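Here the structure is laid out as structure tokens; the discussion comes afterwards.
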DNA sequence: GCAATTTTTGACCGGTTGGACAAACGTTAG
DNA sequence: CTAACGTTTGTCCAACCGGTCAAAAATTGC
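Residue numbers (this note's numbering), protein chains in the order written: chain A, 1 to 218; chain B, 1 to 218.
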């Protein structure tokens with residue numbers, strides 16, 4: 001006798017129950033990531049998402065309460081993945097090595113998760129209406145914390161003195177650029193270096209820029 | 001006797017327009033820039049734009065053929081403004097001074113024309129459906145040209161050897177970041193340094209990063 | 001096989017959106 | 001004034017979009 005479950009899309013303390021339900025929700029989220037990341041929230045339609053995963057619209061709405069619900073679920077999941085590299089950033093080991101590691105991880109994320117990057121960029125571009133609180137709370141706190149680590153390195157003369165928070169911005173900007181502005185990057189590089197090799201070129205360049213730029217001045 | 005002009009929105013070889021028509025079109029474009037840059041193309045409505053400039057929708061459609069037409073006009077105009085700093089970039093004078101000038105100009109554009117920056121970012125994020133050709137043609141050509149200037153500096157040992165095109169990407173990314181990700185930047189910096197002072201901090205940081213990062217290695 | 005439950009679907013609905021249109025209004029030259 | 005043209009508006013429409021609903025279909029436990 002099946003245990004009482006009912007509509008999956010109903011809000012409840014305990015999330016989706018059966019294996020099939022979890023799988024279907026996953027398929028929907030996968031398709032939604034594709035659609036939302038390329039058209040933005042308002043530019044995407046439930047029909048597009050439903051088509052993208054071979055489902056009818058009402059069927060999709062059986063698994064999620066609505067468009068907003070899908071987007072929110074996607075966003076919450078994204079944020080965890082997105083902050084992970086910065087959380088890893090620590091003051092064990094050599095400062096320049098640590099920075100290089102962070103740059104590398106961020107660039108790998110731009111390469112491996114470009115849709116997530118674009119989804120995030122879309123949200124910020126439009127004023128971050130759904131994650132404003134998180135930016136001013138969790139993110140700010142995390143950045144402040146890491147900036148303090150960097151500042152300590154500067155005090156110890158291990159790296160050049162600069163504004164640590166703008167340093168973090170610069171790392172974000174340069175790495176995410178390869179995901180968010182991918183079309184432009186490909187267009188400018190042309191077919192010759194438009195393959196995946198551009199990420200290796202970028203890694204080389206960024207390491208040189210940041211490591212030379214931050215080496216302690218004698 | 002008024003010379004034959006007719007509907008302003010009609011496509012015609014010569015954009016023969018009265019003074020009033022040119023002014024009204026300007027007002028509309030100004031409002032449209034506001035709306036498109038914060039909601040994206042699909043996320044914006046003609047009604048929003050009409051309201052923003054105190055006009056009725058049909059009245060607005062008397063001056064432009066449609067939503068697409070407004071966006072296209074805005075986009076064409078934007079591109080000229082957008083490429084200007086790169087065009088100015090030349091090999092007269094000291095390389096590092098020239099680079100600093102370019103970074104400064106780009107950062108000033110991010111400060112003074114954030115809406116244009118976001119409009120551009122929106123277009124690229126969504127795959128640049130309307131300006132793909134321009135990216136692969138005009139822009140690529142311009143970048144190649146400037147990259148050659150930078151490469152010559154490297155051959156002369158005036159700046160450190162790196163990939164010139166990724167250098168340009170890095171300058172674009174870091175400067176435009178302050179316009180496109182403004183909400184995030186403000187949130188992280190907090191109220192203390194969230195004023196316009198952040199652009200001065202950014203200028204100082206970016207100059208240090210790029211000039212130290214590119215000084216010829218002894 | 002049967003009944004309870006989950007999943008899928010087609011039909012439908014109200015609201016929004018881009019746009020058309022003709023009629024009204026304003027302006028200007030003779 | 002009047003004719004001709006430019007400008008503005010109210011009204012309307014077809015397409016789209018998010019979402020509901022009841023009923024059909026498939027699945028599951030026994």
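For glycine and all other residues, C-beta sits at the position ideal for the given N, C-alpha and C.
Being a predicted model, the structure only gives us computed values, none of them experimental.
Check	Outcome
What residue range does the alpha helix (DSSP H) around residue 212 (chain A) cover?	197–214
Counting only the same chain and skipping the five closest in sequence on each side, list residues whose C-beta sits under 8 Å from that of residue 78 (chain A).	116, 119 and 120
Excluding the 5 residues flanking residue 157 (chain B) on each side, which residues of the same chain have their C-beta closer than 6 Å to its C-beta?	216
Would you report the Cα separation of residue 165 (chain B) and residue 143 (chain B), rounded to the nearest angstrom?	7 Å
Measuring alpha carbon to alpha carbon, tell me which residue in A:133, A:193, A:124 and A:92 is nearest residue 40 (chain A).	A:124
Once the 5 residues before and after residue 128 (chain A) are set aside, which same chain residues still bring their CB inside 8 Å of it?	135
Find the nearest neighbour of residue 50 (chain A) within the set A:22, A:148, A:30 and A:98, judged by alpha-carbon distance.	A:30
Under 9 Å between the Cβ atoms of residue 184 (chain B) and residue 139 (chain A)?	yes
If distances are taken between C-alpha atoms only, which option among A:20, A:146, A:173 and A:69 comes closest to residue 130 (chain A)?	A:69
Secondary structure at residue 13 (chain B), three-state DSSP: helix, strand or coil?	Residue placement at residue 13 (chain B) is poorly supported in this model, since its pLDDT is 38, which falls under 50; the coordinates still yield a value, given next. Here residue 13 (chain B) sits in coil by DSSP.
Assuming residue 99 (chain B) contacts residue 189 (chain B) under a Cβ cut-off of 8 Å, what Cβ separation, rounded to an integer in Å, is found between them?	At roughly 26 Å, the Cβ-Cβ gap does not stay under 8 Å, so residue 99 (chain B) and residue 189 (chain B) are not in contact.
If you measure between the beta carbons of residue 96 (chain B) and residue 209 (chain A), is that distance less than 9 Å?	no
Buried or exposed: where does residue 198 (chain A) fall if 16 or more other Cβ atoms within 10 Å of its Cβ makes it buried?	buried
In the DSSP assignment, the alpha helix (DSSP H) including residue 122 (chain B) goes from what residue to what residue?	114–125
Tell me whether residue 76 (chain A) is buried or exposed, calling it buried when 16 or more other Cβ atoms sit within 10 Å of its Cβ.	exposed
Output, in sequence order along the chain, the residues in the stretch 114–132 of chain A whose CB is closer than 8 Å to any CB in chain B.	118, 121, 122, 124, 125, 126, 127, 128 and 132
What residues from the stretch 178–199 of chain A come within 9 Å of chain B, judged by C-beta to C-beta, listed N to C?	178, 180, 181, 182, 183, 184, 185, 186, 187, 188, 189, 190, 193 and 198
Check the Cβ-Cβ distances between residue 72 (chain A) and every residue of chain B, and say whether any is below 9 Å.	no
Which ranges would you report for the beta strand (DSSP E) in the stretch 7–84 of chain B if only whole runs of at least 3 residues count?	none
Could you pull the start and end residues of the alpha helix (DSSP H) that residue 173 (chain A) belongs to?	164–180
Check whether the Cβ atoms of residue 182 (chain A) and residue 114 (chain A) sit closer than 9 Å, and answer yes or no.	yes
I'd like the list of long-range same chain contacts for residue 36 (chain A), defined as Cβ closer than 7 Å, with 5 residues on each side in sequence excluded.	44, 71, 74 and 119
Would residue 192 (chain B) and residue 149 (chain B) qualify as a contact pair, given that the criterion is a beta-carbon distance under 9 Å?	no
When DSSP labels each residue in this structure, what does residue 93 (chain B) get in the three-state scheme?	coil
Identify the continuous alpha helix (DSSP H) that holds residue 144 (chain A) and give its terminal residues.	140–155
Taking the alpha carbon of residue 147 (chain B) as the point to measure from, which residue in B:132, B:137, B:111 and B:169 has its own alpha carbon closest?	B:169
Mind checking the stretch 67–94 of chain B against chain A and listing, in chain order, the residues whose C-beta falls within less than 7 Å of any C-beta there?	none
Measure the C-alpha to C-alpha separation of residue 58 (chain A) and residue 67 (chain A) and round it to an integer number of angstroms.	12 Å
Can you tell me whether DSSP reads residue 103 (chain B) as helix, strand or coil?	helix
Would you identify the three-state DSSP class for residue 2 (chain B), choosing helix, strand or coil?	Its pLDDT being 37, under 50, residue 2 (chain B) is placed unreliably in this model, and the coordinates cannot settle the point.
In chain A, which residues lie with their C-beta within 8 Å of the C-beta of residue 111 (chain B)?	Within chain A, no residue comes near residue 111 (chain B); the closest Cβ sits about 14 Å away, beyond 8 Å.
If we cut at 9 Å on Cβ distances, does residue 148 (chain A) have a partner in chain B?	no
Cα-Cα, which of A:176, A:42, A:187 and A:93 is closest to residue 137 (chain B)?	A:187
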